[in-house]
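Below: one structure, written as structure tokens.
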Amino acid sequence: MSHSALRVRKSKRFMQKQTEVKADRISALPDSVLCHILSYLPTKNVVATSILARRWKLVWTSLQKLDFDDRQSRRLPGLMGDPMPGFEDFVQRVLTGTQPTNITTFFLHCSRPVDLSSFHLWVCSAVRRNAREIELYLDQNHRVELPEELYASPSVEVLKLMSDFLIKVPAGGTCFPNVKILTVQLESPENTLTEKLFCSCPSLEELSIQAYLNDEGPTTKFVISSSTLKRCTLWVATEGEMFTQAEYKVRITAPSLERLHIMSDIFGKFVVHDLNSLTDVILDIVYGEWSRVDPNRSIQLLQQLNNTTSLTVSYGVLCALDHAYHKWFPALSHLQHLEVAVGAIGWAVLPVILSSSVHLQSLVLRKQSRFEVTEEQFGWIEGDIVPNCLLEHVKKIEIKGVEGDEEELILVEYLLKYSSVLEVMVICFKGSVSKPERRDIRRSILQVQRASNRCKLELI
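According to this note's numbering, numbering within the sequence shown proceeds without interruption in unit steps and concludes at 1739.
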């Protein structure tokens, strides 16, 4: 064999070895690192790595994050060459195979009926292995009672109950002692549940409630009382849609609450107490001329939230405020950031809101799409008095969904004319606006007189 052929042969052999080393470099990592990488995959995929090579045969048994989803059960792997098991068998064998390792996370999604005794065993196993985060979804067409061990678990800090479970607050008065983040889904809940549950969670910091109401039965009451709660999201949906007869009331007592987000397709009655720490409020509530609720609830709600420094208001809330406003409006003297969705209705009350927000520094106006508004005219209604916040405090204005209408230009002209300390105005075009149309709009806006010499225009 020639020297040239020998060198080529050695080179190929060397490259082959290098490729093999690179290809198997991941297998040389410690189990702890491999498990961390595998934690980003569903458990079924992690278990499947046991057939890759002898090195991988038992790596999955050190998993600390277990994610079971029966929607993936058709592709569940067998364990180490065993026949493909069913979902319940798979969950049980993984739990058995990973014991006694402590776990950090336990996710369970059952979209089909499962044996309830198995369900309780699985959850109790997670609790006994000191799981810090547990998420459960169980579709049984009826409420399923939670295992008693879960109520007293000292390790669980994040608990997400993604279906309507039967929750029984222990007689001792303490429930989920170390849970900081709690998500519950409730379907026409009994009033006694919310009265007892949230005030019994001594470590609660973040609460998310997803509630479904029907037209039948008494008024649903949500009582949220907690001295530790910092963030709260309440999402309420009704079966009757726009002509629903459903009714609900909300009472919130939370002196540490910083952020409140309310989403609902009807306006409920709200009573709040001691929200002295509140800084961020998002109100996304549906209201229209067809609504059967009193629009004054919108003004009453704002009056109770007047300590907030940031407020986001949906088009439905603005419509309710427009229908309710006559001569009086609550002072929003702490408000620094305001975001409002504007459409055909609400232009009469918008200047009133600005006048009430005397220290406002940032204003965002988000224009609704045309199919979301009526045939009434979209446009700013200039009052006799210029809001003080424009003259002295507003530094940034952002207008979203601009299409180049004449009414939009009138609004921009007014804001630039009276915003004396404005530093930047951002114009966000709607996606359907062409480049030539954008150039024309930009040319028109650049010709508008500005009260602030420091104002910069950004058109995006």
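Yeah, the Cβ is synthetic: ideal placement off N, Cα and C, and Gly gets one too.
Straight-line Cα distance separating asparagine 1667 from valine 1691: Using only the alpha carbons, I get a separation of about 17 Å.
What's the C-alpha gap between serine 1612 and tyrosine 1491? If you take the alpha carbons of serine 1612 and tyrosine 1491, they lie about 35 Å apart.
Here's the rule I'm using: 16 or more other beta-carbon atoms within 10 Å means buried, otherwise exposed. How should proline 1574 be labelled? Burial of proline 1574 is indicated by the presence of at least 16 other C-beta atoms within 10 angstroms of its C-beta.
Taking only the alpha-carbon atoms, compute the straight-line gap between glutamate 1737 and valine 1705 and give it to the nearest angstrom. Glutamate 1737 and valine 1705: Cα-Cα distance of roughly 5 Å.
Does at least one heavy atom of the ligand ZN sit under 7 Å from the Cβ of glutamate 1428? Questions concerning the ligand ZN fall outside what the structure shown contains, since it holds no ligand whatsoever.
Histidine 1616 (DSSP reduced to helix, strand or coil): DSSP places histidine 1616 in strand when its eight states are reduced to three.
Cβ neighbours of arginine 1510 in the same chain (closer than 6 Å, five flanking residues each side left out): Excluding positions up to five away in sequence, the list reads Glu1485, Arg1538.
Hey, out of Ile1624, Ile1561, Ser1390, whose CA is closest to leucine 1584's CA? Measuring from the Cα of leucine 1584, the nearest candidate turns out to be Ile1561.
Just reading off the beta strand (DSSP E) that tryptophan 1514 is part of, what are its end residues? Note, tryptophan 1514: beta strand (DSSP E), 1510-1517.
Selected residue, minimal CA-CA separation from lysine 1679, among Asp1563, Val1665, Cys1707: Nearest to lysine 1679 by alpha-carbon distance, out of Asp1563, Val1665, Cys1707, is Cys1707.
Is it buried or exposed for alanine 1610, if we count other Cβ within 10 angstroms and need 16 for buried? Exposed is the call here.
Just to confirm my understanding: we take valine 1652, look at its own chain, exclude 5 residues before and 5 after, and list those with CB closer than 6 Å. What are they? Because valine 1652 carries a pLDDT of 45, less than 50, the predicted location of this residue cannot be relied on, and the following value inherits that uncertainty. If we look at valine 1652 and ignore the five residues flanking it on each side, its Cβ neighbours are Gly1622, Ala1623.
Please state the DSSP three-state secondary structure of serine 1311. If DSSP states are grouped into helix, strand and coil, serine 1311 belongs with the helices.
Cutoff 6 Å; reference leucine 1476; Cβ partners in own chain excluding five residues on either side: Cβ within range, chain order: Val1448.
Pull up the CB-CB distance for threonine 1322 and valine 1373, whole angstroms please, since I reckon it's below 8 Å. Indeed they touch by this definition, with Cβ atoms about 6 Å apart.
Report the option in Leu1465, Gly1451, Lys1500 whose CA atom is closest to the CA atom of glutamate 1474. Ranked by Cα distance from glutamate 1474, the options Leu1465, Gly1451, Lys1500 are led by Lys1500.
Simplified DSSP assignment, three categories, for tyrosine 1566: Under the three-state reduction of DSSP output, tyrosine 1566 falls in the coil class, being neither helix nor strand.
Can you tell me where the alpha helix (DSSP H) holding tyrosine 1604 begins and where it ends? Run containing tyrosine 1604: none; DSSP gives neither H nor E here.
Go ahead and label arginine 1718 buried or exposed: buried means 16 or more other beta carbons lie within 10 angstroms of its beta carbon, across all protein chains shown. Classification of arginine 1718: exposed, given that the 10 Å Cβ count is below 16.
Taking C-alpha atoms, which residue in Ser1487, Thr1498, Lys1459 lies nearest to threonine 1471? The residue with the shortest Cα to Cα distance from threonine 1471 is Thr1498.
Can you have a look at lysine 1735 and say buried or exposed, based on whether 16 or more other CB atoms are within 10 angstroms of its CB? Taking all protein chains in view, the Cβ of lysine 1735 is surrounded by fewer than 16 other Cβ atoms within 10 Å, so the residue is classified as exposed.
Please look up how many angstroms separate the CB atoms of phenylalanine 1369 and isoleucine 1413, rounded, as I've assumed it's under 8 Å. In this structure, phenylalanine 1369 and isoleucine 1413 do not form a Cβ contact; the two beta carbons are roughly 19 Å apart against a cut-off of 8 Å.
Secondary structure of alanine 1405, DSSP reduced to three states: It is helical.
Taking tyrosine 1697 as the reference, give the member of Glu1716, Gly1662, Asn1381, Lys1709 with the closest Cα. Closest by alpha carbon: Gly1662.
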